[in-house]
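Working notes for the structure below.
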Amino acid sequence: MTEQSPRPQLEVVRRFWEAQAAGDGQSARAVITDDMEWTVVGQHSSLARTYYGADAFFNELIGTLASTFVPGSAAMEMRGMYLDAEQSMVVTHLRETARTHDGLFFDNDIVTIMNVTDGRITRCQEFMDLHEVRRTFGEENLRTPLATLNLEG
1 MTEQSPRPQL EVVRRFWEAQ AAGDGQSARA VITDDMEWTV VGQHSSLART YYGADAFFNE
61 LIGTLASTFV PGSAAMEMRG MYLDAEQSMV VTHLRETART HDGLFFDNDI VTIMNVTDGR
121 ITRCQEFMDL HEVRRTFGEE NLRTPLATLN LEG
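First residue of the sequence shown: 1, per the UniProt record's numbering; consecutive thereafter.
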């Protein structure tokens, strides 16, 4: 007999982040619903909006990240996972780092609130430093003297 995890929502979210960190879209897709809603909270970046459905999430948000970062440079460090079992909600804190094609170093702490229903993620609110996103993705000229220290070479 297989023992069930006492906190299956945590396992679902853990599998999602492990798949994302490994660049395994198929495994990440397996734990989200096709009609999932993913919101990057904020108003100060083109990435900050709601992505409706798995295709929009992977093609638009993850696709933008993949085209901006040097392949193999992205890393995720899980700093904490917290469960509100009553609401089937998992809060995660992670740090994502990567190198862009033009040599900038991306370093962002991210907090997500994910709803898990029937073993799959149905909704996510993602909070991050949008100033870092804008600087890294070239959405405005925020390359200050400190930011230039992040350039290679």
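By construction, the Cβ of each residue, glycine as well, lies at the ideal position given by its N, Cα and C atoms. This one's a predicted model, so the numbers in the text were calculated from it and none came from an experiment.
Kindly indicate which three-state DSSP category Asp84 falls into: helix, strand or coil?
strand
For the alpha helix (DSSP H) that Gln20 lies in, which residues bound it at each end?
8-22
Relative to the C-alpha of His131, which candidate in Asp84, Thr122, Asn115, Gly42 has its C-alpha closest?
Gly42
CB-CB under 8 Å to Gly119, same chain, minus the five flanking residues each way: which ones, in chain order?
Pro8, Val12, Val31
Taking its Cβ as the centre, do 16 or more other Cβ atoms sit within 10 Å of Arg95, making it buried, or is it exposed?
exposed
To the nearest angstrom, how far is the alpha carbon of Gly138 from that of Ile121?
Near 31 Å, if we compare the C-alpha coordinates of Ile121 and Gly138.
If Glu60 sits next to Thr50, beta carbons under 8 Å apart, how far is it from one beta carbon to the other, in whole angstroms?
Not a contact, Cβ separation roughly 11 Å.
Distance between Asp102 and Gly80 (C-alpha atoms, nearest Å):
One C-alpha to the other measures close to 31 Å.
Excluding the 5 residues flanking Met76 on each side, which residues of the same chain have their C-beta closer than 6 Å to its C-beta?
Ala21, Leu94, Glu96
Considering Cα atoms alone, identify which of Thr39, Glu86, Ser45 is closest to Ala54.
Thr39
Less than 9 Å between the beta carbons of Thr64 and Thr92, yes or no?
no
Using only the alpha-carbon positions, how far apart do Arg134 and Ala74 sit?
17 Å
From what residue to what residue does the alpha helix (DSSP H) around Leu65 run?
63-68
So, using beta-carbon positions, are Met128 and Val90 closer together than 9 Å?
no
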